[in-house]
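This note's numbering numbers the first residue of the sequence shown as 700 and each following residue consecutively.
Accompanying notes for the structure given below.
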Amino acid sequence: MSHAPVETIEGSPELDKSLANVKLLPELLSIIIETYVFDFLHSYCVPGQSPALHPQNSWLRISHVCRYWRDVALATPTIWSHIPLIRLECVEEMLRRSKQAPLTVYVHSTTSLNESSSPMLKSIAKQSHRIRNIDTSLPSEFFTQLTSYAPTTPLDLQSVVASYKRLLGPPSSLPLEWIKNANLKHLSLKDFPVENINLLLMPSLTSLSLWLSKHECVPGDDLLEALQHMHSLRSLTLHNVVQDILTLPPYPNKRDLIRMPRLQSIATTSYTNGLAELSLLSAIDIPPHVDFSFVIHNAVYPETQEVIWSYIMDNLVKDVRLPFHSVFIYAYAGGNFLFTARSPSPAGSTRDSTLFQISLHFPVVSEAEKWLSRLCTSLPCSKVRNLSVGNFISFPVEAWDTSFKSMTHVESLEVTGLACTALPEALLLAAVKDSQISGSKPIFPNLRQLTVWLNPTAKGETVPSRVNGICDALQERKDRGYQLELLILRGHPPLVEEFNRLIPVVGKVAWDR
């Protein structure tokens, strides 16, 4: 790794000459190189995925483009500070080039650590005082070996991402003292043994993500007790963590709620009915402008729906969260329903917008239809400017018309997904029909841009028939004085004659594959 191929570095004078005219500042180029390398590492570390090239090649290739690029790469220690277990010579060279930069160690495998891993871990253990971040799918083996090579050197960790699917030995055998320290900020655990979960919930954490299997759960009251001491938490993600309803009054006194003043995002996912997660959320005083995501993968029946709705209206619909400027609504097959909205963040915030997301699975499609209307009419959607809808193939036009009628400020409408047969035409024609009957403005009177998929979805349907339906709807809308400025077509490329037919009824037509 320390010896670059001569033909790569010195055998491309034409490339050197062409790059000399577009030479980037070293500071900017180092950021670009880091981004390239980290993208490869991300692919390498995601279980079940692997990059097209071995991850070591990302460093070799990017530092062999030309002499200037190589000089910048070698002069940037942070590029070499992310260490995957590749080959011993590579690990040792990266440790040398990273100088004194804090280290991130990646240990991922579908099997287990083998004999070739030991020399690499020994080299890393010599620099264990620099390790700040660990990302591993073999935490038990990794920590056990690392502690044996450097038993007297405590780790000063800031981040631990670990999956315990391949846990060797009982949970008590884990070297938890190596993970638990006063400086740990980010902790993400997947399939961690439940009996040890509270040992790692520390007041220093700013980000906590817990993923458990469907067969394990954390006692809700124990988790609640741990959260009471995590005042620095900014991000909380709980996936199938709590399955028992907490012993709380239905509406606890506000002064008794858990306060997390720095919280910026909270997300829960349930594979049961979601009531356990709701009881946990009800015990937290969620600050305004917090990204909120609530997902239930199991069927939600009417009695549960009302509990969820009451929580949304009583705890989340606040003036400080209003109004939404973008809404994304997606209906999957079988009653799965996703409602995602964004509202402007307050002045001075580091984020452009605040997320509000509800994802539920309804036993029948008609229940999802009711929720579409409830959400659009009860939540602050009157100022929505960007609307995306998809896969509402089984919803009647009346549901769209009723739900979207209050969104008079919509300027951009996107219809996505492959099951959107006739949805754009239905929306536009419903708007025209409404205008003709009442004499008032149609829904989306300020619509300027429409994005649709041309892929035929119904039996016997063709791209020309899709274009004809859209064209007829746009023509009627134009005749009523509401012509669009831009139509974006996606999916199947339209023919020239189809473009020619659309152009007279809309200002501009574009195709985006």
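The C-beta atom is built at its ideal place from N, Cα and C for all residues, glycine as well.
All values reported here derive from a predicted model rather than from experimental measurement.
| query | Within this structure, are the beta carbons of T968 and V994 separated by less than 7 Å? | reply | Along the sequence shown, one-based indexing puts residue 968 at 269. Along the sequence shown, one-based indexing puts residue 994 at 295. Result yes, Cβ atoms of T968 and V994 sit closer than 7 Å.
| said: Report the start-end ranges of each beta strand (DSSP E) in the stretch 765 to 850 that is 3 residues or longer and not cut off at the edges. | reply: Counting only runs of 3 or more, we get 781 to 783, 802 to 806, 830 to 835.
| Does the distance from the C-beta atom of I957 to that of F991 stay below 7 Å? | The residue labelled residue 957 in the question sits at position 258 within the sequence shown. The residue labelled residue 991 in the question sits at position 292 within the sequence shown. Not a contact, by the Cβ cut-off of 7 Å.
| Just how far apart, CA to CA, sit L1153 and Q927? | Mapped onto the sequence shown, residue 1153 falls at position 454. Mapped onto the sequence shown, residue 927 falls at position 228. Whole-angstrom Cα-Cα distance: 52 Å.
| task | In angstroms with no decimal places, state the Cα-to-Cα distance between V1195 and P1203. | result | Walking along the sequence shown from the start, residue 1195 turns up at place 496. Walking along the sequence shown from the start, residue 1203 turns up at place 504. In this structure, the CA atom of V1195 is about 14 Å from the CA atom of P1203.
| field | Strand pairing of R958, partner residues [DSSP] | value | The residue given as residue 958 occupies position 259 in the sequence shown. DSSP lists D984 as partners of R958.
| task | Mark Y863 as exposed unless 16 or more other C-beta atoms lie within 10 angstroms of its C-beta, in which case mark it buried. | result | Working through the sequence shown from its first residue, we reach residue 863 at position 164. Buried is the call here.
| message | With H, G and I counted as helix, E and B as strand and the rest as coil, what does DSSP make of R1147? | response | Indexing the sequence shown from 1 puts residue 1147 at position 448. It is coil, neither helix nor strand.
| query | Using CA coordinates, which residue listed in M959, S1044, R1041, R795 is at the minimum distance from S934? | reply | Translated into the one-based positions of the sequence shown, residue 934 becomes position 235. Of M959, S1044, R1041, R795, the residue nearest in Cα terms is M959.
| message | In whole angstroms, give me the CA-to-CA distance for S887 and V940. | response | Counted from its first residue, the sequence shown places residue 887 at position 188. Counted from its first residue, the sequence shown places residue 940 at position 241. In a straight line, the C-alpha of S887 is about 13 Å away from that of V940.
| said: Quick check on the DSSP output: the alpha helix (DSSP H) that includes N1167 runs from which residue to which? | reply: Walking along the sequence shown from the start, residue 1167 turns up at place 468. For N1167, the enclosing alpha helix (DSSP H) starts and ends at 1162 to 1178.
| If we count the other Cβ atoms within 10 Å of its Cβ and call it buried at 16 or more, is E976 buried or exposed? | Here the question's residue 976 lines up with position 277 in the sequence shown. Around the beta carbon of E976, a 10 Å sphere encloses 16 or more other beta carbons of the protein chains shown; the residue is thus reported as buried.
| Which residue's Cα is closest to the Cα of I785: F1023, D1171, L820? | Reading the sequence shown from its first residue, position 86 is the one you call residue 785. Checking every option, the nearest Cα to that of I785 belongs to L820.
| Can you tell which of P818, H807, R766 has the C-alpha that lies nearest to the C-alpha of L787? | Here residue 787 is taken as the residue at index 88 of the sequence shown, counted from 1. Distances from the alpha-carbon of L787 to those of P818, H807, R766 put P818 closest.
| For Q1056, which of helix, strand or coil comes out of DSSP? | Residue numbering aside, residue 1056 sits at position 357 when the sequence shown is read from its first letter. Three-state DSSP puts Q1056 in a strand.
| If you draw a straight line from the C-alpha of Y735 to the C-alpha of G1190, how long is it? | As a working note, residue 735 is residue 36 in the sequence shown. As a working note, residue 1190 is residue 491 in the sequence shown. Near 29 Å, if we compare the C-alpha coordinates of G1190 and Y735.
| Start-to-end residues for the alpha helix (DSSP H) that takes in G919 | For this step, residue 919 is matched to residue 220 along the sequence shown. Counting along the chain, the alpha helix (DSSP H) containing G919 begins and ends at 919 to 926.
| What is the residue span of the alpha helix (DSSP H) that S1067 lies within? | Residue 1067 sits at position 368 when you count from the first residue of the sequence shown. Contrary to the premise, residue 1067 reads as Ala rather than Ser in this sequence. Per DSSP, the continuous alpha helix (DSSP H) segment holding A1067 begins and ends at 1064 to 1077.
| Based on the DSSP secondary-structure assignment, which residues constitute the bridge partners of S969? | Counted from its first residue, the sequence shown places residue 969 at position 270. According to DSSP, which records beta bridges pairwise, S969 is partnered with I995.
| Whole-number beta carbon distance between I985 and N1014, since they are thought to touch under 8 Å | The sequence position of residue 1014 within the sequence shown is 315, counting from 1. The sequence position of residue 985 within the sequence shown is 286, counting from 1. At roughly 7 Å, the Cβ-Cβ gap stays under 8 Å, so N1014 and I985 are in contact.
| request: State the start and end residues of the unbroken alpha helix (DSSP H) segment that holds F1198. | output: Translated into positions along the sequence shown, residue 1198 becomes position 499. It spans 1195 to 1201 - the alpha helix (DSSP H) in which F1198 sits, taken as one unbroken run.
| message | Between H885, L923, P918, which has its C-alpha nearest S906's C-alpha? | response | Stepping through the sequence shown from its first residue, residue 906 is reached at position 207. Nearest C-alpha to S906 among H885, L923, P918: H885.
| With a cut-off of 8 Å, do at least 3 Cβ pairs link the stretch 768 to 780 to the stretch 796 to 807? | In this structure the stretch 768 to 780 lies against the stretch 796 to 807, because at least three pairs of beta carbons, one per stretch, are closer than 8 Å.
| message | Buried or exposed, going by whether 16 or more other CB atoms sit within 10 Å of the CB of P853? | response | The residue you call residue 853 lines up with position 154 of the sequence shown. For P853, the number of other beta carbons within 10 angstroms of its own is below 16, and it is reported as exposed.
| query | Is T835 near A861, with beta carbons less than 7 Å apart? | reply | Mapped onto the sequence shown, residue 835 falls at position 136. Mapped onto the sequence shown, residue 861 falls at position 162. Yes; because the gap between Cβ atoms is below 7 Å, this pair is in contact.
| field | CB contact flag (S858, N832, <7 Å) | value | For the purposes of this step, residue 858 is taken as the residue at position 159 of the sequence shown. For the purposes of this step, residue 832 is taken as the residue at position 133 of the sequence shown. Yes; because the gap between Cβ atoms is below 7 Å, this pair is in contact.
| Boundaries (first-last residue) of the beta strand (DSSP E) holding T1107 | Here residue 1107 is taken as the residue at index 408 of the sequence shown, counted from 1. Per DSSP, T1107 belongs to no beta strand (DSSP E) and is neither H nor E.
| request: Note down, in chain order, each residue of its chain lying with its Cβ closer than 7 Å to the Cβ of D1051, except the 5 sequence neighbours on either side. | output: Here residue 1051 corresponds to residue number 352 of the sequence shown, with the count starting at 1. Only S1044 meet the Cβ criterion.
| task | Please say whether V1166 and L1086 have beta carbons closer to each other than 7 Å? | result | One-based indexing of the sequence shown puts residue 1086 at position 387. One-based indexing of the sequence shown puts residue 1166 at position 467. No, Cβ-Cβ distance for L1086 and V1166 is not below 7 Å.
| said: Taking the beta carbon of G1206 as the centre, do at least 16 other beta carbons fall within 10 Å, making it buried, or is it exposed? | reply: Walking along the sequence shown from the start, residue 1206 turns up at place 507. Result: exposed.
| Under the three-state reduction of DSSP, which class applies to V1019: helix, strand or coil? | The sequence position of residue 1019 within the sequence shown is 320, counting from 1. Note on V1019: pLDDT 48, under 50, position unreliable in the model; the coordinate value appears next. Here V1019 sits in helix by DSSP.
| task | Report yes if the CB atom of F1023 is closer than 7 Å to the CB atom of S1048, and no otherwise. | result | Taking the sequence shown and counting its residues from 1, the one referred to as residue 1023 is at position 324. Taking the sequence shown and counting its residues from 1, the one referred to as residue 1048 is at position 349. No.
| said: So the candidates are V790, L740, L724; which of them puts its Cα closest to the Cα of D770? | reply: For the purposes of this step, residue 770 is identified with residue 71 of the sequence shown, where counting begins at 1. Sorting V790, L740, L724 by C-alpha distance to the C-alpha of D770 places L724 at the top.
| message | Just to confirm my understanding: we take L1149, look at its own chain, exclude 5 residues before and 5 after, and list those with CB closer than 6 Å. What are they? | response | Stepping through the sequence shown from its first residue, residue 1149 is reached at position 450. Non-local beta-carbon contacts of L1149 in its own chain, meaning distances under 6 Å to residues more than five positions away in sequence, involve L1112, L1183, L1186 in chain order.
| field | Residues near F1198 by beta carbon distance below 7 Å, same chain, minus five either side | value | On the sequence shown, residue 1198 is found 499 positions in, with the first residue counted as 1. Apart from the 5 residues on each side of it in sequence, F1198 sits with its Cβ closer than 7 Å to the Cβ of V1208 in its chain, given in chain order.
| message | One question on the structure: do V1109 and F1143 come within less than 7 Å of each other, judged by their Cβ atoms? | response | For this step, residue 1109 is matched to residue 410 along the sequence shown. For this step, residue 1143 is matched to residue 444 along the sequence shown. Yes. Within cutoff.
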